[in-house]
Amino acid sequence: MDPRRPDARRDLPPLNERIRDREVRLIDEDGSQLGIVPTREALAAAKEKGLDLLLVQPDANPPVARILDYGRHKFELEKRARETKKKHHIQDVKEIKMRYKIENHDFDVKLRSAQKFLIEGDKIKVLILLRGREMQHANMAIDLMNRYAEALKDLCLIDREAKLEGKSVIMILSPLPSRGKSPA
13 MDPRRPDARR DLPPLNERIR DREVRLIDED GSQLGIVPTR EALAAAKEKG
63 LDLLLVQPDA NPPVARILDY GRHKFELEKR ARETKKKHHI QDVKEIKMRY
113 KIENHDFDVK LRSAQKFLIE GDKIKVLILL RGREMQHANM AIDLMNRYAE
163 ALKDLCLIDR EAKLEGKSVI MILSPLPSRG KSPA
């Protein structure tokens with residue numbers, strides 16, 4: 013075997029001939045306990061039924077082995093993992109940038125994208141950039157930001173109020189707790 017390639021069998025659970033213990037506590041495919049039996053007998057019983065012997069609790073004394081169809085068992089585990097991954101949503105922080113002299117249609121487009129992000133369950137960081145002499149109009153930028161928050165009030169909570177930080181006005185919005193990604 014090539015030493016540079018990891019042994020794929022190391023990741024697999026102890027199955028059939030890879031079980032090294034002398035005796036195991038055997039559980040049948042329907043869940044009934046058959047008691048403590050030698051591993052060879054347990055393996056023979058599994059082969060007789062056309063199934064596999066899987067070591068489910070190797071740390072127990074004696075280890076617990078179950079007779080089951082390993083292919084089906086592996087499929088069920090993967091299916092369960094896919095389901096939990098599908099239901100789990102990592103909340104991202106989406107950034108929406110605009111200028112304080114934004115036109116109405118552009119404002120509406122930014123509003124629609126914010127609504128989409130909030131419905132998906134993401135936070136939004138709204139940024140209004142001020143350059144040069146625009147710094148004198150920071151109050152207009154804050155008013156615009158408040159108008160933005162007012163338009164989204166039924167979808168979000170304001171985490172951080174509109175505030176001048178450096179050369180930009182920043183506000184952070186988060187989705188309402190009842191909202192979020194629906195399990196579809």
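Positions in the sequence shown are counted from 1; adding 12 to them yields my numbering.
A virtual CB, placed ideally from N, CA and C, is assigned to each residue, including glycine.
Let me check understanding here. Comparing Cα to Cα, which of the options lies closest to residue i?
i    : options               : result
E60  : L66, I48, I79, S44    : I79
K106 : I31, K113, N116, I131 : I131
N73  : I170, R34, L167, R159 : R34
I39  : R32, E177, P50        : P50
A150 : A174, L67, Y160, K97  : A174
L27  : G43, P70, Q45, I48    : P70
D120 : E146, R32, D171, E162 : E162
K137 : P25, R124, K91, D104  : D104
R145 : P25, Y112, Q45, I102  : Y112
R159 : K122, Q45, L89, E177  : K122
E5   : D42, I48, R37, L67    : Because the chain spans 13 through 196 in this model, residue 5 falls outside it and cannot be assessed.
Q148 : L176, K165, M157      : L176
A58  : G47, D134, E41, I48   : E41
P75  : T96, E95, A93, V36    : V36
L142 : E95, I114, R94, G43   : I114
N116 : L164, R52, L156       : L156
Residue i and residue j look like a contact to me (Cβ under 8 angstroms); what is the Cβ gap, rounded to whole Å?
i    : j    : result
K109 : L139 : 5 angstroms
Q127 : L167 : 6 angstroms
A54  : A77  : 6 angstroms
I184 : D171 : 4 angstroms
G133 : H101 : 5 angstroms
Could you give the residue range of the beta strand (DSSP E) that holds residue i?
i   : result
L38 : 35-39
A77 : 76-80
L66 : 64-69
L46 : 45-50
Hey, would you say the C-beta of residue i is under 7 angstroms away from at least one heavy atom of the ligand ADP?
i   : result
F87 : This structure lacks the ligand ADP; in fact it carries no ligand of any kind.
Name the two residues that bound the continuous alpha helix (DSSP H) containing residue i.
i    : result
L188 : L188 -> no alpha helix (DSSP H), and no H or E assigned at all.
Problem set entry | Start-end ranges of the beta strand (DSSP E) lying completely within the segment 85-126, minimum 3 residues | Within the segment 85-126, the beta strand (DSSP E) runs of at least 3 residues that lie entirely inside it are, in chain order, 105-110.
For this session: Could you pull out every unbroken alpha helix (DSSP H) segment of at least 4 residues lying fully inside the segment 137-180, listed in chain order?
Result: Whole alpha helix (DSSP H) segments, 4+ residues: 150-163.
Problem set entry | contact_flag[the segment 62-69, the segment 80-90] where n(CB pairs < 8 angstroms) is 3 or more | Yes, they touch.
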